[in-house]
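In our numbering, the protein residues as written are 27 to 157. Every residue, glycine too, gets a C-beta built ideally from N, C-alpha and C.
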Amino acid sequence: MSFARPDTGELRLRLGDDGAHAVTVGYDADRGAAFIVRNDTVAATFPAVYRAVQTDPAADADRAGRRATQEIVTMDVLVDASSVEVFLNDGSSLTSAMYPVDTATVTAETVGAPCRIEDLSLAPMATAITD
27 MSFARPDTGE LRLRLGDDGA HAVTVGYDAD RGAAFIVRND TVAATFPAVY
77 RAVQTDPAAD ADRAGRRATQ EIVTMDVLVD ASSVEVFLND GSSLTSAMYP
127 VDTATVTAET VGAPCRIEDL SLAPMATAIT D
């Protein structure tokens with residue numbers, strides 16, 4: 027997906043949202059970083075560290091200068107049976123274990139500021155196991 031970098035706030039994508047199970051991936055404009063939140067009923071049974079927002083710990087120091095000039099942000103999100111990976115066009119990435127229920131369901135929202143999505147597409151991943 028590609029979107030116009032908001033001045034502040036967050037752009038969030040909820041993956042596999044069936045009302046009880048979802049994983050949120052997004053972009054925090056204030057930090058210039060992607061994040062992943064496992065916010066589902068399964069995660070609620072695990073320790074708090076499992077439910078904590080995951081971000082790139084080097085985001086503030088490494089991207090402060092580049093963030094101001096980056097008008098369009100590209101975020102690739104790869105989801106399989108047990109993980110989600112997020113890649114930004116600045117080279118940063120995140121990976122998290124998760125078990126999505128219905129990854130074909132994706133909802134988008136913004137928090138703190140409007141954001142214009144330039145391009146959003148869904149494509150199935152090819153299976154790595156063949157008979």
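query                                                                                                                                               : result
Consult DSSP for T71 and reduce its assignment to one of helix, strand or coil.                                                                     : helix
Who are the Cβ neighbours of L39 in its own chain at under 8 Å, not counting the five residues just before and after it?                            : M27, T50, V51, G52, V103, V132, T133, A134
Determine whether the beta carbon atoms of C141 and A59 lie at a separation below 9 Å.                                                              : no
If you run the structure through DSSP and keep just helix, strand and coil, what is A154?                                                           : coil
Who are the Cβ neighbours of D106 in its own chain at under 8 Å, not counting the five residues just before and after it?                           : M151
Out of S122, D116, F61, state which residue places its alpha-carbon closest to the alpha-carbon of D82.                                             : F61
Nearest to A48 by CA position, among G35, R57, R64, is which residue?                                                                               : R64
Could you tell me which residues DSSP pairs with A233 in its beta bridges?                                                                          : Given a span of 27 to 157 for the chain in the structure shown, any question on residue 233 remains unanswerable.
Grab me the residues of G35's own chain with a C-beta within less than 7 Å of its C-beta, minus the 5 sequence neighbours each way, in chain order. : A55, T136, V137, G138, A139
Which of the three DSSP states, helix, strand or coil, is assigned to R77?                                                                          : helix
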